[in-house]
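Novice: Okay, here's the structure, questions in a sec.
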Amino acid sequence: MAHSVTPGAQTGRMEWLPIARAADVSTRPLAVTAAGVPLVVLRPEPDAEPVVFADRCPHRLVPLSAAKVENGRLRCAYHGWEFDASGQCVDLPSQEGAPPPRASLPRGPQVRVRDGIVEISGLPPADPAELFTNEDESLLRAWHPVGIVGKDDMSEVELLGTKYRPGEERTQERWGLLWLAPREPAVELFDDPDHDDANYVGAWLPPARSPASAGIVADNFLDVAHFPFVHAKTFGAAEEKIVERYAVTDEPWGCRSVQDQWFDNPADPGVAAGLRPVRQRRRATYVYRAPFQLMLRLEELDAGAVKTILFFAQPESLTSTRIYTKMLFHGIGGVADPPPDVIRSEVAFEEAVLEEDLELQRTLRLPGLPLRMRDELHVRADLLGVHMRRVLTRLKEESQPA
Ligand code: FES
Ligand SMILES: [Fe+2]
Numbered sequence: 001m002a003h004s005v006t007p008g009a010q011t012g013r014m015e016w017l018p019i020a021r022a023a024d025v026s027t028r029p030l031a032v033t034a035a036g037v038p039l040v041v042l043r044p045e046p047d048a049e050p051v052v053f054a055d056r057c058p059h060r061l062v063p064l065s066a067a068k069v070e071n072g073r074l075r076c077a078y079h080g081w082e083f084d085a086s087g088q089c090v091d092l093p094s095q096e097g098a099p100p101p102r103a104s105l106p107r108g109p110q111v112r113v114r115d116g117i118v119e120i121s122g123l124p125p126a127d128p129a130e131l132f133t134n135e136d137e138s139l140l141r142a143w144h145p146v147g148i149v150g151k152d153d154m155s156e157v158e159l160l161g162t163k164y165r166p167g168e169e170r171t172q173e174r175w176g177l178l179w180l181a182p183r184e185p186a187v188e189l190f191d192d193p194d195h196d197d198a199n200y201v202g203a204w205l206p207p208a209r210s211p212a213s214a215g216i217v218a219d220n221f222l223d224v225a226h227f228p229f230v231h232a233k234t235f236g237a238a239e240e241k242i243v244e245r246y247a248v249t250d251e252p253w254g255c256r257s258v259q260d261q262w263f264d265n266p267a268d269p270g271v272a273a274g275l276r277p278v279r280q281r282r283r284a285t286y287v288y289r290a291p292f293q294l295m296l297r298l299e300e301l302d303a304g305a306v307k308t309i310l311f312f313a314q315p316e317s318l319t320s321t322r323i324y325t326k327m328l329f330h331g332i333g334g335v336a337d338p339p340p341d342v343i344r345s346e347v348a349f350e351e352a353v354l355e356e357d358l359e360l361q362r363t364l365r366l367p368g369l370p371l372r373m374r375d376e377l378h379v380r381a382d383l384l385g386v387h388m389r390r391v392l393t394r395l396k397e398e399s400q401p402a
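If you want it as structure tokens, here you go:
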């Protein structure tokens, strides 16, 4: 629960603000707001004195109030970076070696407990102001999905904080979606996958909504380091935490990254038949196109199965993003066209995976994606997200009146 307090009493020359009742502060991080600044207050151990930090992880600014405390350390919910009671980053799971000094939390305010009240002195700076929100002007110059053809009522749709009537606007159909561009688009839709590829069986997930901005939703889709933490209940527990260095190729208004990985494939019928080992190779191809067109193709190189996830975000308003996910299957379970029960279970699994991401997105307090490199701490695993930020920065810059 979030508490809000206003500046409090003065003691001597130091101003102390009450932020919480000491009895409410435990090893479960508590979000508070003091003089407009989001803070997190917690006890690193059940009997320890309270500590207070700015309520954001230096990595991707996710609130630390969503973190877990374990063995005296605070572990961020998104990528599992761990901080000790002094705020020093002591573990950065996606890469080897000691975390860089900037990964540590900026020093928090001074803290004291008086008459059962936790008080602080010296507020950390407020959140960065430059965020790419769902109502950024530059988004007028791009294609946006506004509904599934044949399924959604599209007489009037919400986009960029406005209502549009697609019948009166520039639209096109692609991948079974209707797309709308309010102004002359700077970017076209990408070509993948081959839209007339008859070898694929397609299925939609029910469209979902996130309170996070489309930029954050897209960044989450491109993120390759969060699986062991956000997706621990579905597939993440067995995933490798270290993210090997990977390459990203620039494409017009986007990028592409091909990553080969090892994984266990017990569901491959060829494993039971003794034709192949359970440890197999997988190729993951990520494609990004501005502003929020995404694709992930997962090819099981040994078993021959291909699963493609098309993922598109509709920036509806400052507090709402609609998410469309279409899956394309080929060769799942050893047959070219997987039967309906296989498709159903694949879709249900993907829905559970998406729900884990949405759960994290619901904890976010920032209304947009930071674009300035210095506002976050990008590490090796974040290369795709860095490319996306660069593309969105360019879209923003080129949309500004000269
Ligand atoms: S570890 Fe906190 S946002 Fe990545
Ligand atoms: Fe995810």
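Following full-length UniProt numbering, the numbering of the sequence shown begins with 1 at its first residue and continues without gaps. All C-beta atoms, glycine included, are put in the ideal place defined by N, C-alpha and C.
1. Below 8 Å on the Cβ atoms is my contact criterion, and I expect Phe-329 with Pro-145 to pass it. Report the Cβ-Cβ distance as a whole number of Å.
2. How would you write the range of the beta strand (DSSP E) that Val-41 sits in, first residue to last?
3. Less than 7 Å between the CB of Val-62 and some heavy atom of ligand 2, yes or no?
4. Since Gln-172 sits in a beta bridge, which residues does DSSP pair it with?
5. Where does Ile-216 land, buried or exposed, given buried means 16+ other C-beta within 10 angstroms?
6. Between the alpha carbons of Gln-280 and Ala-31, how many angstroms are there, rounded?
7. Along the alpha helix (DSSP H) that carries Met-388, what are the first and last residues, could you check?
8. Report all residues for which the CB-ligand distance to some heavy atom of ligand 2 is below 6 Å; order them along the chain.
9. Give me the DSSP bridge partner(s) of Leu-131.
10. DSSP has Tyr-286 in a bridge; who is on the other side?
11. Does DSSP classify Ala-214 as helix, strand or coil?
12. Could I get the ranges of all uninterrupted alpha helix (DSSP H) runs contained in the segment 319 to 362, with 4 residues as the minimum, in chain order?
13. Flag this pair as touching only if the segment 366 to 377 and the segment 54 to 66 have three or more C-beta atom pairs under 8 Å; answer yes or no.
14. Given this structure, state the Cα-to-Cα distance separating Phe-235 from Val-224, to the nearest angstrom.
15. DSSP three-state call for Pro-63: helix, strand or coil?
16. Compare the beta carbon distance of Ala-381 and Gln-95 with 8 Å and say whether it is the shorter of the two.
17. Thinking just about the alpha-carbon of each residue, which of Pro-63, Leu-160 and Ala-85 is nearest to the one in His-79?
18. For the beta strand (DSSP E) holding Phe-190, just list the boundary residues, first then last.
19. Give the range of the beta strand (DSSP E) segment to which Pro-145 is assigned.
20. Relative to the C-alpha of Pro-193, which candidate in Leu-298, Leu-383, Arg-276 and Gly-87 has its C-alpha closest?
21. Let's test the definition: count the other Cβ atoms within 10 Å of the Cβ of Gly-274 and tell me whether it reaches 16, buried, or not, exposed.
22. Secondary structure at Ser-138, three-state DSSP: helix, strand or coil?
23. Identify whether Val-243 lies in helix, strand or coil by the three-state DSSP scheme.
24. Is His-59 a contact residue of ligand 1, with contact defined as CB to any heavy atom under 7 Å?
25. To the nearest angstrom, report how far apart Ala-77 and Gly-167 are at their CA atoms.
26. Quick one: residues in its chain with C-beta nearer than 7 Å to the C-beta of Asp-219, no 5 flanking neighbours on either side, listed in chain order?
27. Taking the alpha carbon of Asn-71 as the reference point, which residue from Pro-44, Ala-186, Ala-267 and Tyr-246 has its own alpha carbon closest?
28. For Tyr-78, verify whether its CB is less than 7 Å away from any heavy atom of ligand 1.
29. By Cβ distance, which residues of its chain are closer than 7 Å to Gln-88, with the 5 residues on each side in sequence left out?
30. Return helix, strand or coil for Glu-15, following the three-state DSSP convention.
31. Any heavy atom of ligand 1 closer than 7 Å to the CB of Trp-179?
32. Are the segment 202 to 213 and the segment 301 to 321 touching, with three or more C-beta to C-beta distances below 8 Å?
33. Thinking C-beta only, is Pro-185 closer than 8 Å to Pro-141?
34. In whole angstroms, what is the alpha-carbon distance linking Glu-156 and Leu-180?
35. Ile-242 to Pro-401, Cα distance in whole Å?
36. When you compare only the Cα positions, how much space is there between Pro-100 and Phe-263?
Specialist: If we stick to the structure as given:
1. Here the question's residue 329 lines up with position 329 in the sequence shown. Here the question's residue 145 lines up with position 145 in the sequence shown. Not confirmed; about 21 Å, so no contact.
2. As a first step, residue 41 must be located in the sequence shown, where it is residue number 41. Run containing Val-41: 37 to 42, per the beta strand (DSSP E) assignment.
3. Translated into the one-based positions of the sequence shown, residue 62 becomes position 62. If you check the C-beta of Val-62 against ligand 2, you find no heavy atom less than 7 Å away.
4. Working through the sequence shown from its first residue, we reach residue 172 at position 172. According to DSSP, Gln-172 bridges with Trp-179.
5. Within the sequence shown, the letter at position 216 stands for residue 216. In this structure Ile-216 is buried. Its beta-carbon is surrounded by 16 or more other beta-carbon atoms within 10 angstroms.
6. In the sequence shown, residue 280 corresponds to position 280, counting from 1. In the sequence shown, residue 31 corresponds to position 31, counting from 1. If you take the alpha carbons of Gln-280 and Ala-31, they lie about 44 Å apart.
7. The count along the sequence shown starts at 1 and reaches residue 388 at position 388. Counting along the chain, the alpha helix (DSSP H) containing Met-388 begins and ends at 383 to 399.
8. Sorted by position in the chain, Asn-220, His-226, Val-230, His-231 and Asp-357 make up the residues whose C-beta lies under 6 Å from a heavy atom of ligand 2.
9. On the sequence shown, position 131 is the one that residue 131 refers to. Per DSSP, Pro-370.
10. Numbered from its first residue, the sequence shown carries residue 286 at position 286. In DSSP, Tyr-286 forms a bridge with Ser-257 and Leu-296.
11. Numbered from 1 along the sequence shown, position 214 holds the residue referred to as residue 214. Ala-214: helix per DSSP, three-state reduction.
12. 340 to 361
13. yes
14. Residue 235 sits at position 235 when you count from the first residue of the sequence shown. Residue 224 sits at position 224 when you count from the first residue of the sequence shown. Taking the straight line from one Cα to the other gives about 13 Å.
15. Your numbering for residue 63 matches position 63 in the sequence shown. Note: Pro-63 maps to coil in three-state DSSP.
16. Indexing the sequence shown from 1 puts residue 381 at position 381. Indexing the sequence shown from 1 puts residue 95 at position 95. Contact check for Ala-381 against Gln-95 passes: the beta carbons are separated by less than 8 Å.
17. Residue numbering aside, residue 79 sits at position 79 when the sequence shown is read from its first letter. For His-79, the nearest C-alpha among the options comes from Pro-63.
18. Within the sequence shown, numbered from 1, the residue matching residue 190 stands at position 190. Per DSSP, Phe-190 belongs to no beta strand (DSSP E) and is neither H nor E.
19. Looking up residue 145 in the sequence shown gives position 145. Where Pro-145 is concerned, the enclosing beta strand (DSSP E) stretches over 144 to 148.
20. Here residue 193 refers to the residue found at position 193 of the sequence shown. It is Leu-298.
21. The residue given as residue 274 occupies position 274 in the sequence shown. Its Cβ having fewer than 16 others within 10 Å, Gly-274 is exposed.
22. Within the sequence shown, residue 138 is the residue found at index 138, counting from 1. If DSSP states are grouped into helix, strand and coil, Ser-138 belongs with the helices.
23. Stepping through the sequence shown from its first residue, residue 243 is reached at position 243. Collapsing the DSSP output to three states places Val-243 in coil.
24. Taking the first residue of the sequence shown as position 1, residue 59 is located at position 59. It does: the Cβ of His-59 is within 7 Å (strictly closer) of some heavy atom of ligand 1.
25. By 1-based counting over the sequence shown, the position of residue 77 is 77. By 1-based counting over the sequence shown, the position of residue 167 is 167. C-alpha separation (whole angstroms): 43 Å.
26. For the purposes of this step, residue 219 is taken as the residue at position 219 of the sequence shown. Taken in chain order, the residues that qualify are Leu-369, Gly-385 and Met-388.
27. Taking the first residue of the sequence shown as position 1, residue 71 is located at position 71. For the residues Pro-44, Ala-186, Ala-267 and Tyr-246, the minimum Cα distance to Asn-71 belongs to Pro-44.
28. In the sequence shown, the residue the question calls residue 78 occupies position 78. Under cutoff, so the answer is yes.
29. Taking the sequence shown and counting its residues from 1, the one referred to as residue 88 is at position 88. Ser-104, listed in sequence order.
30. The count along the sequence shown starts at 1 and reaches residue 15 at position 15. Of the three classes helix, strand and coil, the one that applies to Glu-15 here is strand, per DSSP.
31. In the sequence shown, counting from the first residue as 1, residue 179 sits at position 179. No, the beta carbon of Trp-179 sits no closer than 7 Å to any heavy atom of ligand 1.
32. yes
33. Numbered from 1 along the sequence shown, position 141 holds the residue referred to as residue 141. Numbered from 1 along the sequence shown, position 185 holds the residue referred to as residue 185. Reading off the sequence, residue 141 comes out as Arg, not Pro. Cβ distance < 8 Å, so Arg-141 and Pro-185 count as in contact.
34. One-based indexing of the sequence shown puts residue 156 at position 156. One-based indexing of the sequence shown puts residue 180 at position 180. Their backbone Cα atoms lie some 12 Å apart in a straight line.
35. Along the sequence shown, one-based indexing puts residue 242 at 242. Along the sequence shown, one-based indexing puts residue 401 at 401. When rounded, the distance between both Cα atoms is 43 Å.
36. Residue mapping note: residue 100 aligns to position 100 of the sequence shown, counting from 1. Residue mapping note: residue 263 aligns to position 263 of the sequence shown, counting from 1. Approximately 29 Å between the Cα atoms of the pair.
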